[in-house]
Amino acid sequence: MTMIDPSTTLILGDAVHDYIFRRDGLGGRSMADGAASADGIFMFIFWISTAVFVPFTVLMLYWAFKYRRRPGTIAQASPSHNTMLELAWSVVPLGFFAYMFFEGFHGYMARLTSPPDAIEMHLTARKWSWTLAYPNGAETPVQQRVGAQDVPVFYVPEDKPVKFRMISQDVLHAFWVPDFRAKMDVIPNRYTSFWFKPDRLDSASTGTTDTGVKYRDHFVFCAEYCGDLHSEMAAIIRVVPEAYYHETINKWNDAVDPVELGRRQWAAKCASCHSVDGSKNTGPTWKGLYGSSREFTDGSSYTPEQMANDDFFAEYIRESILVPAKKIVAGYPNQMTPWAGQISEAQINGIIAYIKSLK
Amino acid sequence: MATIDDRNADTLGSAAGHGHDEGSYLTPRGGLITTIWDWATTVDHKKIGVMYLAAVLMMFFFGGVAALAVRTELFSPVREVPGEGITGQWLGSFLGNPDASIAENNNLYNRAFTLHGAIMVFMVIIPSVPAALGNFFLPIMIGAKDVAFPRLNLLSWYIYVTGSIFGIMSILMGGVDTGWTFYTPYSTTTDADQMRVVYMVLAAFILGFSSILTGLNFVVTTHKLRAPGMGWFDMPLFVWAVYATSILQVLATPVIGITLLLLVFERLFRVGIFDPGLGGDPVLFQHFFWFYSHPVVYVMILPGMAVINEIIPVHSHKKIFGYRSMAFASLGIAAVSFLVWGHHMFTSTGELAATVFSALTFLVAVPTAVKVFNWLGTLYKGSISMTPPMVYALMFLFLFTIGGLTGLPLATLSTDMHLHDSYFVVAHFHYVMMGGTIIAFIGGLHHWWPKMFGRMYNERAAIVFALVQFVGFNVTFFTQFILGTRGMPRRYASYVDEFQTLHQISTFGSYILAIGFTGSLAVFVHSLLAGKKAPQNPWGGLTLEWHVESPPSTHNFHKEPIVHHGPYDFDTILPPGWDPKDYPVPNAHEQAEAYAKAQHSHVGSSHH
Amino acid sequence: MTTVPIRETESHATATGAVPWHKYKAAHHFRNKEEEFDGVKLGMWLFLATEVLLFSGLFCAYAVFRILHPEAFTNGSSYLDWRWGGLNTVVLLVSSYTMAASIRNVQLQQFARAKFNLLFTMACGLAFLCIKFLFEYTPKWSGWFFVLDPALSHHEDSGKRALGGLFHFVEGYGGKRPGEWFDYPFSTDNYEHLWWSVYYSATGIHATHVIIGMGLIAWVYLRVRKGMYGPTHYTGVEMAGLYWHLVDLIWIFLFPLLYLIH
Ligand code: HEA
Ligand code: HEA
Ligand code: CUA
Ligand SMILES: [Cu+2]
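Set out below in structure tokens:
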């Protein structure tokens, strides 16, 4: 099956294509294997539709004007049906539709079948953040501001197929990378997958890190409505040279000190609901949590002394993470995701240490 | 079958007041209280139609205000904190809490678009043409005195009102933030301790009942109450399309009924059928939901097409092109529309299902194409009056075709992977729903307004506001196609900066649109208060409603009409009430004389 | 083409008030009684189609979950006693017969029999509901058995009584509830609650239909008493009958699906 290349379909093709898909902040043209074919079929439909629509509109307006009513006259004799014509305008569109369907089907199957050598990573979605576990178990500590939110940056190697196995911990989400022209729903209790092969880094669309490494960023958006912070549930896919990719994820995985580990956990999983600067969000802030009194919706409460007792505090935080519904802090909804089974003891200890550090 | 000589005098109504004491259906039967009571308990399909019209327009206004709130919030990329910034101040003073957190403030936005979608779909567009215009005109067009079950008809209206009240109750309790699609498990878990989601879902359930009963009533009416002489293929195409719609309503709505019931059970009793936490299947909900909600998009568009089927031939004074293919296209759309629901779920169903659904979706586009081309063919060599209804019809052709054509990349598997849940979809469905159905509905209102209320309106002003709407509409929604292809997801309270310009243009467009509709509203109010008295047949239509007075008498016809000519025989039949000089069909003078005799020379000559 | 005689406009009251059957005229917008009857019947059939579609949603859910969790469904249905289901099937079949008979009675002017048959049909409906609630829902939901339930004899007497001894408690039997409410300690399958969700939804919605049907029959019964139905006008009885047959028919589908397939 030959795919139509938008740049060769028409002279105007490039300009229109770029207008339709261009996004100023990041990259330009198709950014992953497969995106080119999706764009091709899109542009094909676009031009066919234009070719139908423009004459249609011109005729409509021209006739509306030419045959405008003049008093004392009636409509001229003209056939009120014509079987050949009517057949033609059912069958011809059907032909075009069939072609669109087949092209779309091929593109779609290519999208779904990942090559066997794809690097497999695990992506977890929840209200309202993404966590990516690399093959070596590392998780990204890097963050970047998008809008008003710091979102995780996922590093992937250039020109290598990558496959995400995705699952949601709560409601439906969808993983969309507009530059790759693809998205896939992320569903609780069922694995779905998303694969892509980022184009090689070329000079046109890349940035450079402080250390002189080339990279290219692509936005990730959550495309399935998932509640309050649906629109903040973004991430960035950063395409980097392969060697740099391996170096970085190994570095991430090296032992880090507990406070830093906790901070990374926070950034990846908790920041959408818990601030560390004292501001109110979906959940209580963590600033000053150590040693401050707690009141719960069931009427019970903890004193500052209890909360400053290391063992008691650790116990409480651990429970809050694993079974949040046990004690609901007064004034907040019972909204927090239970993390039991999703988080390691080392990570919990890291979080405890990190919270303590937030005086 | 059109021969002039057998035009039967019985088809003609007599002028108001002549020989009968009933008067028009609008004539009050007593004082204020009596009149209100009379309307509240009426079984007259015309009054019920008018009551639907009032209710639908009111809900359209609420839905429109919610849309403006949505657009206003989207004027700036970052969610506005109430009380700060331009839109923040606006939202803050009307809806918000100045101390709200990001999440709470986003939540406000989420409720606004849910409210907007749910109102527009369940309370506006589904009942708009069938329940308001259909109720009024379907029986008259087939020569019946009323619908088959008049009391059931009134009951449907009350059910509609009850459903709307449930919806409004839910809004007053704080609104829901699920989106109009109520996807589980979000809809079963959000605001867990609150009843308002339950109320909103029940509202949709109850409105569904109203819709089923209306559909059932129309099917029976069309089957059983056609006037003598009116075979199936002598029916006006309006009736055909409303009939096809009614079948869809009857067959699809029960499925959403059970789905919504299970959703309510899920929330109240945590039964777990759709809840993955309890082993249920959230995708099953989507199947159930779209099994109804896809046919329902044709429940929305067929009546819109029905209106266009009448406007174009009447205002072109020309027989419609391809009558039979039009009728069969309506039925074809209705039938295939049951088999394509999965195209809303390309990113969540299996490959095989997605493929089949994609193929079938293209199939449903074919009869639509037939219709579009037939309308164009009707214009050819017509005698076209640029009246307000005709302007709306041309707007419809333009906007609906764009909407339909942009459905194609959505139906294509590989491109939908990109476009699904983006603003491209939002633009697509506004072009078909708003640019299609709502524009047709407002056009139909202009077409039949003189008949319904016996008053003309200022045609020039009406055209001006139609054009304002046209401009506003395209500015609002064309930009959204580009937003979508460039990567703007739907249901976003905030977005990255690079989408800002397009969003701002879109927001401006929506204000223009609001001005346009407010203008139309003013035109109608002015007509009611100070409009010229409408002639019996201002546009020169041939279907039966143009044979009775404006406004019609309580029983529509004084004698049972007998139909002797087709609905669109403009080249041989002098439109009732028209002057042969203006309309030189064969034997025009004899027709006019026969007509005048039948009328006991009571009807004024023409509209000029 | 014949011209249909012009009819005088009649007041709406003609169709609404208590008109004896032999004086009944069709509502004013119908040409005659026959046409009205056909119209109402078509409407009723359409309505029955919507009811079937309503239940078909439930049947789909049943099929999907049965395929996904066959174990849970076999387990769950093994707790249903086919004898109660069977008895209820018989009760409904008999009631369908008496319903049909009452229509015949009205057509033959046998009003006393018609009234008896209508009452009997309603009584069957009531019996159906009693069996459902006392012998099926209550024990499964809570472990309290009605004293007359034969199943009681298979269980050890826990000695707990309620409502003056009318209900006996069986330890460990209850808790077979839908969804999250499920807390039957001896369940062997993690998804058994889904079976109970389907079971309670399907039978619950069906039971609601039984109640609505009884209401319709009661309404028809009153109208028969007022002499509004007879050989030339029996629309209401016929429609109530159609509805009742539908309620029966749906049970005929539910019974094997829930009780018999393991
Ligand atoms: C009035 C309502 C209406 C109508 C009529 C349509 C008509 C069509 N719709 Fe649309 N649609 C909606 C309302 C409607 N839709 C809504 C509300 C949603 C979103 C719901 C939500 O998620 O909230 C939606 C979403 C939607 C999707 C899902 C998108 C997604 O979420 O990923 C798809 C995918 O296939 C689709 C396809 C189509 C197609 C192919 C048609 C076709 O019927 C169009 C056929 C018409 C034409 C094609 C134009 C005329 C034809 C010609 C001029 C012929 C010549 C053409 C050629 C030779 C090319 N629609
Ligand atoms: C019939 C259906 C319909 C109609 C008419 C409209 C009309 C409009 N809609 Fe739409 N919309 C939907 C159905 C509709 N919508 C649906 C189903 C959704 C999806 C919701 C979801 O995601 O869950 C949606 C979502 C939606 C969004 C996306 C939100 C998001 O995803 O974040 C946006 C954003 O711009 C929007 C804007 C508008 C605007 C500006 C109008 C304007 O056209 C409105 C203009 C109207 C007025 C301003 C009212 C003025 C009226 C009067 C003054 C009285 C009129 C009286 C007479 C004319 C006699 N709508
Ligand atoms: Cu996650 Cu939307
Ligand atoms: Cu659809």
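Protein chains in written order, with the numbering used here: chain A, 1344 to 1702; chain B, 502 to 1109; chain C, 1157 to 1418.
Heads up, the beta-carbon is just placed ideally off N, CA and C, and yes, glycines get one too.
The structure displayed is predicted, hence computed values, not measured ones.
Closer than 9 Å to chain B by CB, residue i
{"i": "C/N1346", "result": "yes"}
{"i": "A/Y1588", "result": "no"}
{"i": "A/P1521", "result": "yes"}
{"i": "C/D1457", "result": "Summary: the structure shown does not reach residue 1457 of chain C, with chain C confined to residues 1157 through 1418, and so no result is reported for it."}
{"i": "A/H1617", "result": "no"}
{"i": "A/M1509", "result": "no"}
{"i": "A/K1669", "result": "no"}
Residue i: first and last residue of the uninterrupted alpha helix (DSSP H) it sits in
{"i": "C/F1338", "result": "No alpha helix (DSSP H) holds C/F1338; DSSP gives it neither H nor E."}
{"i": "B/M736", "result": "Careful: B/M736 lies outside any alpha helix (DSSP H) and carries neither H nor E."}
{"i": "A/F1518", "result": "First-last for A/F1518: H1516 to V1520, but that is the beta strand (DSSP E), not the alpha helix (DSSP H)."}
{"i": "B/V720", "result": "R697 to K725"}
{"i": "A/P1458", "result": "It is not in any alpha helix (DSSP H) - A/P1458 carries neither H nor E in the DSSP assignment."}
{"i": "B/K952", "result": "I940 to F954"}
Proximity test, residue i beta-carbon vs ligand 1 heavy atom, cut-off 8 Å
{"i": "B/L895", "result": "no"}
{"i": "B/S747", "result": "no"}
{"i": "A/I1695", "result": "no"}
Beta-carbon proximity list for residue i, same chain, < 7 Å, skipping 5 on both sides
{"i": "B/V972", "result": "I1013"}
{"i": "B/L703", "result": "F667 and V765"}
C-beta neighbour in chain C for residue i, strict 9 Å
{"i": "B/N654", "result": "no"}
{"i": "B/D470", "result": "For residue 470 of chain B there is no data in the structure shown, the boundaries of chain B being 502 and 1109."}
{"i": "B/H1066", "result": "no"}
{"i": "B/G843", "result": "no"}
{"i": "B/T685", "result": "no"}
{"i": "B/K725", "result": "yes"}
{"i": "B/V721", "result": "yes"}
Endpoints, beta strand (DSSP E) assigned at residue i
{"i": "A/R1469", "result": "I1462 to R1469"}
{"i": "C/A1219", "result": "Per DSSP, C/A1219 belongs to no beta strand (DSSP E); it is in the alpha helix (DSSP H), K1189 to L1224."}
{"i": "A/D1553", "result": "Counting along the chain, A/D1553 falls outside any beta strand (DSSP E), and DSSP gives it neither H nor E."}
{"i": "C/L1308", "result": "C/L1308 -> no beta strand (DSSP E), and no H or E assigned at all."}
{"i": "A/T1535", "result": "T1535 to F1539"}
Residues near residue i by beta carbon distance below 8 Å, same chain, minus five either side
{"i": "B/L569", "result": "S1011, Y1012 and A1015"}
{"i": "C/E1312", "result": "V1326 and E1327"}
{"i": "A/V1619", "result": "W1609, T1628, W1629, K1630 and L1701"}
Any non-hydrogen atom of ligand 3 closer than 8 Å to residue i Cβ
{"i": "A/G1570", "result": "yes"}
{"i": "A/H1589", "result": "no"}
Any non-hydrogen atom of ligand 2 within 8 Å of residue i CB
{"i": "B/Q1037", "result": "no"}
{"i": "B/Y924", "result": "yes"}
Closer than 8 Å: residue i CB and nearest ligand 4 heavy atom
{"i": "B/H788", "result": "no"}
Beta-carbon contacts of residue i that lie in its chain and below 6 Å, excluding the five residues immediately before and after
{"i": "B/N509", "result": "Interpretation of B/N509 is limited by its pLDDT of 37, a score under 50 that renders its predicted location unreliable; the figure taken from the coordinates is listed afterwards. I1063 and H1065, listed in sequence order."}
{"i": "B/V544", "result": "P651, R652 and L655"}
{"i": "A/R1581", "result": "V1496, Y1498, Y1558 and D1560"}
Cutoff 9 Å: residue i Cβ touching any chain A Cβ
{"i": "B/G780", "result": "yes"}
{"i": "B/Y893", "result": "no"}
Contact with chain D by residue i, beta-carbon distance below 9 Å
{"i": "B/E605", "result": "No chain D is part of this structure, whose protein chains are labelled A, B and C."}
- Query: Would you say the segment 740-748 of chain B touches the segment 659-666 of chain B, given that touching needs at least three Cβ pairs under 8 Å?
  - Reply: Verdict: no, contact absent.
- Stretch-stretch touch, CB-based, cutoff 8 Å, three pairs: the segment 685-702 of chain B with the segment 645-662 of chain B: At 8 Å Cβ cutoff, the stretches do not touch.
- Message: Closer than 8 Å is the cut-off here; do at least three beta carbon pairs connect the segment 1349-1358 of chain C with the segment 1090-1098 of chain B?
- Response: Verdict: no, contact absent.
- Item | Any 3 or more C-beta pairs closer than 8 Å across the segment 1506-1516 of chain A and the segment 1591-1606 of chain A | Touching, no.
- Message: For the structure I just gave you, are there three or more beta carbon pairs, one from the segment 704-717 of chain B and one from the segment 624-635 of chain B, closer than 8 Å?
- Response: Yes, since at least three Cβ pairs between the segment 704-717 of chain B and the segment 624-635 of chain B fall closer than 8 Å, the two stretches touch.
- Task: Evaluate the contact criterion for the segment 1513-1528 of chain A versus the segment 1632-1644 of chain A: three or more CB pairs, one atom per stretch, below 8 Å.
- Result: The segment 1513-1528 of chain A makes no contact with the segment 1632-1644 of chain A; the number of CB pairs closer than 8 Å stays below 3.
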